[in-house]
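Only one structure is covered here, and it is reproduced in the block below.
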Amino acid sequence: MNLLYPDFLWALILNIIPIFIHLFNLQKHETIYFSDVSLLKSIEEKTKRKSQLKNILLLISRILLVSSVVIAFCFPYKKSQKMDLLKDLNKVGIYIDNSFSMSRSYQNQTLLESAKDDAIKLIDNFPEETKYVLTTNNKKNNNQYFIDNNEIKKEIINLKTTAQTLTISEAIEIQHEQLNLEKLNSFWFTDLQENTLDLDKIKDENIIENINILQYGSSSNENISIDSVWFNKNNRTINNNENLNVKITNHSSEEVELQTKLNINNGEVLNQSFNKINSKESKEIKFDYSISEKGIKSGLISLINPSNNDLLFDDKYFFSYILEEKFTIVNIYQGENKSNKSIETLFKSVEKTNFKNIDINNGITNQDLNAELIILNELSKIDKKILQLLSSSSKRKSILIFPSLNEDIDYKDLYKILGIKNSEIIKLKLELDIESIDLSFFKNIFSNYNENLDLPYFNKYIKIQNLYNPINYINLSNAEPLVSKYSFKNNDFYFFTSNLSREYSNFSQHALFVPILLRIKEKSANDITSQISIDELENFRINQAIQQNGNIQITNDLSKPTFSFFPLISSSSGSSSLYIKDMIEYTGHYFIYNNDSLISALSVNNSKSESKMVFSSSKELNAELENLDLNDKIHYWDIKQNKYPELIKNNNKNLEYWIYFIFLSLICLILEIIIIKKLT
-3 MNLLYPDFLW ALILNIIPIF IHLFNLQKHE TIYFSDVSLL KSIEEKTKRK SQLKNILLLI
57 SRILLVSSVV IAFCFPYKKS QKMDLLKDLN KVGIYIDNSF SMSRSYQNQT LLESAKDDAI
117 KLIDNFPEET KYVLTTNNKK NNNQYFIDNN EIKKEIINLK TTAQTLTISE AIEIQHEQLN
177 LEKLNSFWFT DLQENTLDLD KIKDENIIEN INILQYGSSS NENISIDSVW FNKNNRTINN
237 NENLNVKITN HSSEEVELQT KLNINNGEVL NQSFNKINSK ESKEIKFDYS ISEKGIKSGL
297 ISLINPSNND LLFDDKYFFS YILEEKFTIV NIYQGENKSN KSIETLFKSV EKTNFKNIDI
357 NNGITNQDLN AELIILNELS KIDKKILQLL SSSSKRKSIL IFPSLNEDID YKDLYKILGI
417 KNSEIIKLKL ELDIESIDLS FFKNIFSNYN ENLDLPYFNK YIKIQNLYNP INYINLSNAE
477 PLVSKYSFKN NDFYFFTSNL SREYSNFSQH ALFVPILLRI KEKSANDITS QISIDELENF
537 RINQAIQQNG NIQITNDLSK PTFSFFPLIS SSSGSSSLYI KDMIEYTGHY FIYNNDSLIS
597 ALSVNNSKSE SKMVFSSSKE LNAELENLDL NDKIHYWDIK QNKYPELIKN NNKNLEYWIY
657 FIFLSLICLI LEIIIIKKLT
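Under my numbering, the first residue of the sequence shown is numbered -3, with each subsequent residue one higher.
As structure tokens, this is what we get:
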């Protein structure tokens, strides 16, 4: 027999109480002399024997009573005889899926609670000397060492749901490392969402000895999710009307009524909308608002009080963006340039835009390049010095290049970073090819066009041969690119192969000039929403060159327990990459500080892979196991059908004796009452 809580045996010292009572009740007999004492002696002996017997029986019953109660509280048990098969299994892996989908209810408790209960039952059936590793979706908390049964029980009891997910192949790799690269003997407790089933991606099936997958399910597989958030257009500015779009999907089988709430910067903007969404449909909800102060804005979309829905783990969506007072454009030219007039006239007419011209002959500085859009207008030379200045500025920016078409241009440094192999200046009159326009880039500008449309022409252009494939937005009529986008060091380069000089083109006087340049300006806005899925966290780029000296700190918004860390940093050419993989466990806003100065923000959301509540069936899983020849290594148990491995079945439990000791204590109590009444 074993005791679950042997430390409680110290309470047996309480048996000293009935012993003291027994000693106290012992009476001394006084001798009285009579002439004939034979009768009295007989009476005295009988009374003395009866009293002694009573006291001894009371002492025994009381000691048994106290001892029975104490032993009952020690929880005595006998291990099941069926556990002999486990004597050689001394290292066990346990994986508990604590993703949000395990929050669903089944038989008056969540699937996660059911899984935790079954995991503890399993552990109770293993020998005490068995060592364990616990794997969960919280990658950061998966320990690389073995723990005993008491430690793993504590970790299981304290386990909470998380936004993170693991696929089967990922869980196998993590657990293999936790088990010190030994073969896996594991028990997995999961609901087996379809998106996690990737058995074909298991790198080495030989590391698997035996995996038992226990699938939990619920009759309620409904969910309402916020899928995405976006603005109608870029270029956020203060006191400007903003149009925010929110896409919400009803994955349930019934129509739902819900309230959608917008909150920016904890009350700077508060807005709400009431909507109905049909079953299995998505709906776009629009919010209009304006903000009067510039800076970093952290927004939250939340769903409030949805009807007839018992699971809602995608009910919050976090986003953030930067709001500037004005959009700054810098036009850098060289000497006299008549095309400056066209550019200046266009952008100075745009509301909340700060435009300035800079002659490169007078020199340029970092401060001159503090802009969202920089135009390099017909420069004869774009060398390393200019490119370094463009990269060292703290702001992410876009560079629009109208090249010089003179024969003596020197663009070799520019071509090197853009991946342009060589170029040739071509004199040939060509028109813009309207059919080549990228309609996704020029959305809402070129929805349709007339075949007889008057198009701009170009008498001279640069023919380019690329090492890599840039994005071509517009071509010339001979299929050569007119406008292409290149990316380098977090900056976007929009390269026109011709320019605005009236000697070579009529583009600056054409009706297409305005919408094309305005769309490039709009796409150059450094205020897009900053949002990322928690399962895609890798690196986060900020537009400042920062050294790895502990000055950068990332802190959450206190919606969860206070959390902050100092990330690893890699800096080059005016920007820095912060390594954040496996560092963030919770969704929400994270603020990035440099020496206590707020410089950026990152919004982390749930993985959308869980939004659609689709789960693998036993038929699908067993078929895939058979196809991959894994059915002798991985075994499936459907808990919803009450199918359990032998190690967790109720008849496999330890034999518990505490109830018998409770009955024994009650019997002792009754005996004591009888003794007192009958032997008095």
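Yeah, the Cβ is synthetic: ideal placement off N, Cα and C, and Gly gets one too.
Beta bridge counterpart(s) of residue i as assigned by DSSP
i      : result
Phe745 : The shown model of the chain, from -3 to 676, leaves out residue 745, and the question about it has no answer.
Asn206 : Asn181
Glu238 : Tyr285
Ile565 : Leu574
Tyr453 : Glu427
Asn230 : DSSP, once it has assigned bridges, lists no residue as partnering Asn230.
Ser224 : Lys243
Tyr102 : Gln105
Tyr589 : Gln549, Leu594
Val88  : Tyr128
Reduced DSSP secondary structure (H/G/I, E/B, other) of residue i
i       : result
Lys519  : helix
Ser63   : helix
Ile382  : helix
Asn(-2) : strand
Pro477  : strand
Tyr582  : coil
Arg45   : helix
Thr192  : helix
Phe69   : helix
Ser387  : helix
Val510  : helix
Ile433  : coil
Phe559  : coil
Asn468  : strand
Tyr411  : helix
Asn462  : strand
Beta-carbon gap between residue i and residue j smaller than 7 Å
i      : j      : result
Tyr329 : Lys293 : no
Gln180 : Glu205 : The sequence shown places Leu at residue 180, rather than the Gln named in the question. Cβ distance < 7 Å, so Leu180 and Glu205 count as in contact.
Phe20  : Trp654 : no
Tyr632 : Ser614 : yes
Leu108 : Val66  : no
Asn139 : Gln160 : no
Val242 : Ile203 : no
Leu118 : Phe183 : yes
Leu401 : Ile421 : yes
Tyr500 : Asn471 : no
Asn246 : Ile281 : no
Ile416 : Ile460 : yes
Tyr91  : Thr126 : no
Leu396 : Ile512 : no
Pro14  : Ile59  : yes
Glu606 : Ser215 : no
Lys485 : Ile467 : no
Glu518 : Asn230 : yes
Where the beta strand (DSSP E) containing residue i begins and where it ends
i      : result
Phe96  : From DSSP, Phe96 is part of no beta strand (DSSP E); its letter is neither H nor E.
Lys352 : 349 to 355
Asn21  : Counting along the chain, Asn21 falls outside any beta strand (DSSP E), though it belongs to the alpha helix (DSSP H) covering 12 to 21.
Leu319 : 312 to 319
Ser294 : 291 to 300
Ile253 : Note that residue 253 is Glu in the sequence shown here, rather than Ile. Per DSSP, Glu253 belongs to the beta strand (DSSP E) from 252 to 260.
Lys615 : Run containing Lys615: none in the beta strand (DSSP E); it sits in the alpha helix (DSSP H), 614 to 623.
Arg537 : 535 to 538
Trp633 : 630 to 634
Val265 : 265 to 273
Gln637 : Unbroken run through Gln637: none, as it is neither H nor E.
Val600 : 593 to 601
Phe438 : Segment: none, Phe438 is in no beta strand (DSSP E) and carries neither H nor E.
Lys127 : 127 to 131
Ser529 : 527 to 529
Leu372 : 369 to 373
Ile328 : 323 to 329
Start-to-end residues for the alpha helix (DSSP H) that takes in residue i
i      : result
Leu424 : Counting along the chain, Leu424 falls outside any alpha helix (DSSP H), though it belongs to the beta strand (DSSP E) covering 416 to 429.
Glu151 : 145 to 153
Glu668 : 654 to 674
Glu166 : 164 to 174
Thr341 : 336 to 344
Ala111 : 107 to 121
Residue i: CB within 6 Å of a non-hydrogen atom of the ligand MN
i      : result
Gln637 : No copy of the ligand MN occurs in the structure displayed, which carries no ligand at all.
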